[in-house]
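Inspection log for the structure reproduced underneath, given as structure tokens.
Numbering (my numbering), first residue to last: 119 to 1065.
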């Protein structure tokens, strides 16, 4: 078979379906005129997002879950509402075709998309599964010439995961709504990832720093030094009288020396006295130990290692990395980017070795090609590492790429070429220097050095590190050429104080690494998992660190106490093993799902589960029973955390707050809101006391002289404001509902100084300034974007809030007499300068825009997130926001339907008259149906997002 001939449709028309339009465009250029390439635009069919999408024939639990748990967990699939037009188009194209090629990605999700396409399109022509791991001309033609059948095992494995995640999300999320807060979500991997971040913060909260001291010395050989043989070098005190000096690793997280640590803990006084006693000491070299140094190249990238390195070297988040990599893949620059494999094809190895010889010379090429064994358990997905595409690698300069795509391609290219280069070799040396102090104590110092005699692969690539203080592999430390017994002079002996540090928070890179090492979830999903916990407000970023919110503490607390196994690390990893066994055909999906959902002995099915190859079952329980009995869950308890001195942190419906219990029984204690962006380990007793000492933000200013209603000042979620207190019998809903007058405080006002007169004045807005000569009323109003004038539909900004009360009609008319400014207003000075962006090489600043502060390099704008602060945002965070915005690409513009409007305009009047009668008759019924549907749908949206 060839790209232009087929056993079943020689000379006919072939329809090739891929996931994305960009992928379709690239592939279309490689196929002949007999091929039509069209995109499904992702999934066309899925489980329903709400009851409104479920066909009417389904009721009860099936309607709620979208899965029939009583009939072998049969899923209910519906065509996505936004894909119906695309499905129609695909059916029309298929009707004109003689053969169908399903060319979705070669992984579980891609196989599932292909299966759904086949199920929905119901083709009557031959169907081929076309797979490839790179989009090049040769690869595409090879894939067309050698299609295969759909892999039903992969489809079943993906379906099992989808059903499992639906049951988990739709059953556990409502528990969070009832016991913590509406709108929350739980997920099989997202909840475990959140727990990891929360546990690290707990460690930081419990951490107590320990202080320890040591000495550093600068020693001279007496010779004139040069680059290869320095005359002086530094060394650190290692032992005193043969006893090792304590370092940070010798202390526990509570600040105590570890049990059994036979070390000398120097305090400041002892360290300074020893330094003084060593001032005139004659030192000698006691030993010189030299060992050969060898470092082998790193394996080519797989999904997780690419995410980690892109975070370390480029400042990309996991999501931004995958977005950029997706574009590189779809445009034919790299192989498939969702892979667990570190294997390179023979073609790729040959291309890499050829480039090593070409760019670095034959001396850097090993005799035999290097191969890398996979380290990922149950590795699957695409079966080759991430590398430049083709049988000849394009250098970064040859690609024509720019910006983030260029930088990521360069990273992949360097790593791939380096993986086929020789080892780096050299020498590592340890020198020990000793002397006796004037007080009789024996002190020994130690210095380590490393020289690289042949850089090998390091000429092309050196891996980064999560710890910013870590030394990279290519760093050399040269020591002088000394021998045992040589005399050295101490130029300087200094006492140095140190303090142990709390464990570092996870970054996106280190969290990805932790999840993979614990074998939790699939590496291909980590980017979306991290995106989910950020979007849900469980975690926010401080620089590159992932900080858990107080809300996540409450969620994890509930899950740990009442759904312990669902967030247990070993349990989650074991589930992943079981799902992989199902994919390999070693276990059956239905008995496994039954045991997970109904429990081990439900309906006497335990034996069947064991017979199906699902193990001994000690790691699986009944989810349904767990979520049914919620009586033991104390909502207040799971959301309460002691701070100290009787102060408690609580997570309430509107956010976190601290509370000191009232001394009078039955009365509410003193409360104060806690900033949403406060890292939990910074909520100390002292800070809580400071919050409680501030004005509560709920002041009675006095009654309104006209209405008698009490006017109060409050501190709301969106800033301070004043409002009136309505009588208790005032209707709050329905057509007679009355809303209290409310007004935000001016920027110049504060809660503890605002007066009743000022409050009444604020609530009198909008103010009628007067009318223009045509009689159109002009008002002064305070809006979301500041003070402004309004005349009909024409609005004009005011310069200050004070003008709302003192601007005259003449002044307002003068403003309207000026032509309305259609372009940008005069540029405001930047709020902060962050430095030069590594991609655009242009200065990045923080500016104040219409929708709040944002970062910009003059080409790309990115709004600051809720957890970002103008005062504390770092350059790295600003660059990351810009990188994410660039990866998303330009916003799509909606086409205007001008032609349609012209055609139908003449018919509108007649149509409206007829429709009005029909609408009146149906209004009551329609409204009732819509309301019922909305309630069910809204309740499920959060759970749907958990999957």
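Note that beta-carbon positions come from the ideal geometry of N, C-alpha and C, so glycine has one too.
Asked, Found
"For the 8 Å Cβ check, are there 3 or more pairs between the segment 665-675 and the segment 250-258?", "no"
"Between residue 645 and residue 436, is the Cβ-Cβ spacing less than 8 Å?", "yes"
"Measuring only the C-alpha atoms, how far is residue 292 from residue 793?", "26 Å"
"How far does the beta strand (DSSP E) with residue 832 in it reach, from first residue to last?", "828-834"
"Count the other C-beta atoms from every protein chain shown that fall within 10 angstroms of the C-beta of residue 935, then say buried if there are 16 or more, exposed otherwise.", "exposed"
"Quick one: give me the first and last residue of the alpha helix (DSSP H) that residue 797 is part of.", "No alpha helix (DSSP H) contains residue 797, which DSSP labels as neither H nor E."
"Are residue 248 and residue 134 touching if we call contact CB-CB under 8 Å?", "yes"
"Can you tell me which of the three DSSP states residue 520 falls into?", "coil"
"May I have the straight-line CA-CA distance separating residue 889 from residue 852, to the nearest angstrom?", "35 Å"
"Would you say residue 507 and residue 452 are within 8 Å of each other, going by their C-beta atoms?", "yes"
"When the Cα atoms are used, what is the spatial distance from residue 532 to residue 448?", "20 Å"
"Any contact between the segment 839-849 and the segment 795-814? By contact I mean 3 or more CB pairs, one from each, below 8 Å.", "no"
"How many Å lie between residue 596 and residue 606 at the Cα?", "17 Å"
"Going by other Cβ atoms of all chains shown within 10 Å of its Cβ, with 16 needed for buried, is residue 480 buried or exposed?", "exposed"
"Can you grab the Cα-Cα spacing for the pair residue 509 / residue 418, in whole Å?", "16 Å"
"Going by DSSP, name the residue or residues bridged to residue 775.", "768, 791"
"Comparing alpha-carbon positions, which option in 807, 875, 266, 599 lies nearest residue 819?", "875"
"Output the distance between the C-alpha atoms of residue 926 and residue 969, rounded to the nearest integer angstrom.", "29 Å"
"Have a look at 280, 780, 220, 281 and flag the residue whose alpha-carbon is nearest the alpha-carbon of residue 266.", "220"
"Using a Cβ-Cβ cut-off of 6 Å (strictly less than) and excluding sequence neighbours within five positions of residue 547, which residues of its own chain qualify?", "408, 567, 597"
"So, does the segment 411-431 touch the segment 457-473, judging by three or more C-beta pairs under 8 Å?", "yes"
"State yes or no: is the C-beta of residue 857 nearer than 7 Å to some heavy atom of the ligand MG?", "Within the structure as shown, the ligand MG is missing, as the structure has no ligands at all."
"In the DSSP assignment, find the unbroken beta strand (DSSP E) run with residue 206 in it and report its ends.", "Here residue 206 belongs to no beta strand (DSSP E); instead the alpha helix (DSSP H) covers 202-213."
"Only counting the same chain, and skipping five residues up and downstream in sequence, which positions put a Cβ closer than 7 Å to that of residue 1038?", "With a pLDDT of 43 at residue 1038, under the threshold of 50, the modelled position of that residue is not reliable, and no figure is offered here."
"Return the CA-CA distance between residue 764 and residue 788, expressed in angstroms with no decimal places.", "12 Å"
"So, at 8 Å on beta carbons, what are the nonlocal neighbours of residue 661 in its own chain, with the 5 sequence-adjacent residues on each side left out?", "992, 994, 995"
"Report the CB separation of residue 760 from residue 769 in whole angstroms; it is logged as a contact under 8 Å.", "About 13 Å separates the two Cβ atoms, so there is no contact after all."
"Within the chosen definition, does the segment 396-414 reach the segment 370-380 through at least 3 CB pairs nearer than 8 Å?", "no"
"Grouping DSSP H, G and I as helix and E and B as strand, with all else coil, what is residue 444?", "helix"
"Measure the alpha-carbon distance for residue 526 versus residue 261 and round it to whole angstroms.", "27 Å"
"Residue 617: which of 332, 468, 350, 659 sits nearest, CA to CA?", "332"
"Just mark residue 118 as buried or exposed, buried being the case when its beta carbon has 16 or more other beta carbons within 10 Å.", "Given that the chain is displayed from residue 119 to residue 1065, the structure contains no residue 118 and the question cannot be resolved."
"Can you check DSSP and say which residues form a bridge with residue 964?", "950, 973"
"Can you tell me the Cα-Cα spacing of residue 1003 and residue 428, whole angstroms?", "16 Å"
"What's the call for residue 680, buried or exposed, on a 16-neighbour Cβ count within 10 Å?", "buried"
"Rounding to the nearest angstrom, what Cα-Cα distance links residue 518 and residue 1006 in this structure?", "20 Å"
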